[in-house]
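As structure tokens, the structure follows; a few thoughts come after it.
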Amino acid sequence: MRPLLITLTLLEIVLVAVVLVYYLVRIAASLRRTSVLLGKVAFGVRAIETQCSSIGPSVLTINDQLTGVAGALSHLTQLADRAAEPATPAGGR
Numbered sequence: 060m061r062p063l064l065i066t067l068t069l070l071e072i073v074l075v076a077v078v079l080v081y082y083l084v085r086i087a088a089s090l091r092r093t094s095v096l097l098g099k100v101a102f103g104v105r106a107i108e109t110q111c112s113s114i115g116p117s118v119l120t121i122n123d124q125l126t127g128v129a130g131a132l133s134h135l136t137q138l139a140d141r142a143a144e145p146a147t148p149a150g151g152r
């Protein structure tokens, strides 16, 4: 009986080791695929960064121009408000 238990224990240890190796190989393959995909994502992000690098200075220029436009519109709305005010009659009515 004792040799049978020793044999079954050794078989169990070998089986656990085989299962661990199998799953570790599967995990390593999954990590390799993930690494490849992350490399592609990083390449895409760098391409987007390169394509969008000219947006920053353009936005600053547009904001400066819009500040001037907002000031001019403020002045024009004041003039329009004064022109739209109803004229008061000379008699106070």
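Its first residue numbered 60, the sequence shown is counted upward by one per residue in this note's numbering. Just so it is clear, CB atoms sit at the ideal spot from N, CA and C, and this is done for glycine as well.
Its chain contains no residue whose beta carbon lies nearer than 7 Å to that of L135 once the 5 sequence neighbours on both sides are disregarded.
Secondary structure note for S94: its alpha helix (DSSP H) is the uninterrupted segment R61 to C111.
Judged by DSSP in its simplified three-state form, P116 adopts helix.
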